[in-house]
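In what follows, a structure is listed as structure tokens, so that the remarks can point back to it.
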Amino acid sequence: MAQLTDRLLAVVGGRSAKPLSEHLGIDTVGDLLQHYPRRYETRGQLTDLAELVPGEQATIIAEVRSVRTVGMGGRGRSGRTRGGLRVEATLTDGVGSLAVTFFNQPWRAKDLRPGRRGLFSGKVGEYRGKLQLANPQCHFVDDADDAEAAEIFARELIPVYPATGAVASTVIARTVKLALQMLDPVADPMPPQVLAARSLMDFDTALRTIHQPDDQQEARQARRRLAYDEALVLQSVLARRRHHAAGLLAAPRPAVPDGIAGDFDGRLPFPLTAGQEDVGRRIADDLASAHPMHRLLQGDVGSGKTLVALRAILQVVDAGGQAVLLAPTEVLAQQHHTNMIRMLGPLAQGGLLGGADHGTRVALLTGSTPAAVRRRVLLEIATGEAGIIVGTHALLQDSVQYADLGLIVVDEQHRFGVEQRSALLERIPGERPHLLVMTATPIPRTVAMTVFGDLDVSTLTERPAGESRVVSHVVAEREQPSHIDRAWQRVAEEVAAGRQVFIVCPRISDSDDEAAGTGAPDDPAAPPAATHAVMELAAELAAGPLSGLRIGVLHGRLAPQEKDAVMRRFAAGPADGDGVDVLVSTTVIEVGVDIAGAAMMVVMDADRFGVSQLHQLRGRVGRAGQPALCLLMTQAETGSAAHARLLDIAATNDGFELARLDLEQRREGDVLGAAQSGRRSSLRLLSVLRDGSLIEMARDDASAIVAADPDLIGLPLLREAVVAAEAAATSEYLEKA
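In structure tokens:
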């Protein structure tokens with residue numbers, strides 16, 4: 034008999050275990066039984082061929098409609114066929130058809146008799162515009178001599194597993210059946226009273242049923258139980274973090290009358306939105322508490338999160354503490370530093386001639402800060418002369434010593450991991466600083482419960498007065514070449530009207546092998562196409578349609594001083610004799626960059642960027658209230674998945690709607706961060722889209738369990754899973770570091 038922890042090789046033998054280990058990373062019985070079916074086919078029902086996706090590994094049930102054998106490469110002088118034979122068959126589901134080709138397997142013609150039904154497994158490809166399977170594995174339903182097919186078709190429902198070209202779904206199904214026959218009863222990690230209260234199947238039954246259900250209802254019940262377990266482990270990890278945080282102490286930082294914060298509010302040229310005031314009050318109350326604040330502030334592009342954060346920072350400075358603003362890029366850190374000094378005016382010149390008597394200093398520290406400046410900044414931080422410190426990951430280094438760190442603000446939280454923000458918190462001896470993390474990538478509630486469940490969540494939904502909605506259009510470069518010329522004409526018109534333009538490319542130069550900072554095209558069937566690069570496009574535009582305009586370039590390989598100089602010239606605008614009219618850039622301007630005069634953005638190869646990336650980029654224009662335009666240029670064909678996705682993005686400026694679209698189109702593991710380390714996601718069944726009620730249920734149960742038993746002593750199997758999940762998160766962070 035076998036346990037979940039047993040090596041699969043010892044249980045099912047090397048012939049079955051080795052391919053699973055080599056191609057799917059399945060090494061134990063538990064690994065195999067947690068490789069759940071992707072779907073179930075009904076024995077008497079053919080697969081809908083219209084649902085097949087090019088590039089996907091598929092297993093289908095279909096009927097042979099026709100078959101023929103043809104030669105490859107013509108005939109030689111002897112009349113014999115050169116290059117072997119090719120067997121071509123057409124499969125049908127009664128409506129559509131699918132081509133199947135076997136190379137140098139002439140005996141397949143005998144098997145593929147019209148009217149026969151079988152199970153076909155392979156990678157879906159395209160040939161001359163039609164879907165096809167090349168050399169698929171096949172098992173025929175009516176073949177009594179096929180023992181493997183007999184095993185698979187013994188049940189009404191046929192499990193279809195995620196597979197590879199080397200390991201078909203049928204092979205996985207056969208190995209699962211053997212492992213289940215050998216498996217001892219599996220202990221349940223949850224007490225019976227919880228299972229009864231939540232109407233959940235016991236674990237052993239669920240694990241067996243999900244692989245061998247008698248009907249779809251049984252499969253759904255098994256999936257619900259196993260998905261609940263995944264949710265409970267995740268929510269228990271988060272509940273333990275909340276429990277730990279609740280026991281920590283922080284120095285209260287109450288609001289001080291007649292301090293910097295009050296003066297700053299009086300300087301604002303516009304009223305706060307109702308949302309900013311409400312969230313501000315919540316944060317002010319948190320800061321006045323003797324326990325550290327752990328809050329996520331989310332809001333769409335332009336909703337005013339940075340202003341809310343700055344008011345919190347000033348409250349801490351008024352109370353005698355220091356505040357850190359941690360930014361993901363040097364460009365964004367530089368801009369935060371510049372904007373804070375501009376917005377605070379004399380309040381940011383404490384101790385200097387012309388500065389306010391009760392003012393402070395705003396320091397900037399990044400990885401490229403010159404040594405002499407770095408020494409001065411470190412001294413200002415250590416003595417407390419700098420009440421506000423802005424920087425990048427450089428602020429996490431041990432050499433940075435704080436006089437009295439009271440608040441950490443993390444900008445664009447999705448660029449940092451939980452452990453990275455914890456690294457700064459853990460370095461502070463004694464009382465913990467308060468923590469405010471921000472994101473302009475709106476997060477659906479179920480994702481917030483799973484990814485940021487250790488934080489209180491506040492959301493800004495209003496946009497400040499004067500913010501303009503951006504009109505977006507998709508331009509198909511191949512099919513609408515005249516629109517490309519018109520795009521550059523529009524750029525010139527915007528500049529002539531005294532406005533500025535961003536042009537974003539996925540690569541720095543043509544010498545780059547991959548598009549910097551982007552993923553692969555969204556449409557796997559799309560033919561590879563050369564993507565635009567900053568250096569070459571800037572030169573082409575300067576010599577052609579935009580000649581006479583002042584074009585600047587910005588990318589990650591520039592020295593920090595060059596980046597800063599380019600941004601200053603671009604921010605200066607057309608009125609400045611040395612200003613920049615058009616900035617050709619990579620995605621270093623994706624977040625936070627605020628150029629009041631920018632009214633147009635052109636994104637080249639827009640299909641190479643993610644949904645949230647495009648929304649962030651688009652948010653860089655129209656920030657001063659003027660009408661704004663975003664052109665999403667693409668080489669993707671009209672009607673393709675990539676083109677359709679861009680149309681969806683162009684249709685709305687609602688970041689929360691786009692977040693839902695993003696979640697629908699991405700793998701769950703990517704959304705939850707697991708894919709970043711190359712590991713398989715621990716969430717194999719749980720879906721943050723469809724399992725919201727299950728996640729809430731698990732959150733309630735985990736909170737109750739951890740409140741009664743923080744160390745999970747009474748639930749050793751749950752404790753084992755939670756500790757393993759916590760260790761995996763730490764290991765992932767160390768690998769990244």
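Sequential numbering of the sequence shown, starting at 34, is according to my numbering.
Each residue gets a CB set at the ideal place from its N, CA and C atoms; glycine is no exception.
Being a predicted model, the structure only gives us computed values, none of them experimental.
- Distance between Ile746 and Ala740, taken at the CA atoms: about 12 angstroms.
- A Cβ-Cβ separation of about 7 angstroms places Thr208 in contact with Leu65 under the 8 angstroms criterion.
- Collapsing the DSSP output to three states places Phe173 in a strand.
- The beta carbon of Ala592 sits closer than 8 angstroms to the beta carbons of Ser401 from its chain, once the five residues preceding and following it are set aside; these are given in chain order.
- Three or more beta-carbon pairs separated by less than 8 angstroms link the segment 350-368 to the segment 397-412, which places the two stretches in contact.
- When the alpha-carbon of Val443 is set against those of His56, Val410, Leu343 and Ala530, the nearest one is in Leu343.
- In the structure shown, the three-state DSSP call for Ser202 is helix.
- In this model, His276 and Ala405 are separated by some 43 angstroms (Cα to Cα).
- Taking a cut-off of 8 angstroms on C-beta distances, the segment 307-315 does not touch the segment 240-250, as fewer than three cross pairs fall below it.
- In the displayed model, Met634 falls within a strand according to three-state DSSP.
- Taking C-beta atoms as the reference points, Met326 and His467 count as a pair closer than 8 angstroms.
- Closest option to Ala530, judged by alpha-carbon separation, among Gly353, Ala608 and His516: Ala608.
- In this structure, Ala272 sits away from Ala323, with a CB-CB distance that is not shorter than 8 angstroms.
- Counted as a single uninterrupted DSSP element, the beta strand (DSSP E) harbouring His506 occupies residues Val503 to Ala509.
- The closest CA to that of Arg465, considering only Pro475, Gly439, Thr472 and Ala473, is found on Gly439.
- For the pair Gly155 and Gln170, the CB atoms are nearer than the 8 angstroms cut-off.
- The continuous beta strand (DSSP E) containing Glu74 extends over residues Arg72 to Thr75.
- In the three-state scheme derived from DSSP, where H, G and I count as helix and E and B as strand, Gln331 is classed as strand.
- The segment 412-422 and the segment 327-337 do not touch, with fewer than three beta-carbon pairs separated by less than 8 angstroms.
- Pairing Thr667 with Val503 gives a Cβ-Cβ distance that is not under 8 angstroms.
- Ranking Leu53, Ala167, Ala684 and Met482 by CA distance to the CA of Val270 puts Met482 first.
- Beta-bridge partners of Asp444 (DSSP): none assigned.
- Within the segment 579-651, complete alpha helix (DSSP H) segments of at least 4 residues are found at 593-605 and 644-651, given in chain order.
- It is roughly 17 angstroms from the alpha-carbon of Asn168 to the alpha-carbon of Val86.
- Boundaries of the beta strand (DSSP E) harbouring Gln90: Gln90 to Gly104, taken from the DSSP string.
- Taking a C-beta distance under 8 angstroms as the contact criterion, Val200 and Leu53 qualify as a contact pair.
- Three or more beta-carbon pairs drawn from the segment 259-269 and the segment 229-242 are found closer than 8 angstroms, and the two stretches are therefore classed as touching.
- In the DSSP assignment, Gly155 forms a beta bridge with Ala91.
- The three-state reading of DSSP puts Pro325 in coil, since its state is none of H, G, I, E or B.
- According to the DSSP assignment, Val86 belongs to no beta strand (DSSP E), since it is labelled neither H nor E.
- Rounded to the nearest whole angstrom, the C-alpha separation of Glu121 and Leu718 is 37 angstroms.
- The segment 332-374 is shown to contain whole alpha helix (DSSP H) runs of 4 or more residues at 338-351, in chain order.
- Shown here, Ile728 sits in a helix according to DSSP, grouped into three states.
- In the DSSP assignment, no residue is bridged to Gly162.
- In the DSSP annotation of this structure, His467 is not part of any alpha helix (DSSP H); the continuous beta strand (DSSP E) holding it starts and ends at His467 to Thr472.
- Rounded to the nearest whole angstrom, the CA to CA distance from Glu251 to Gln226 is 21 angstroms.
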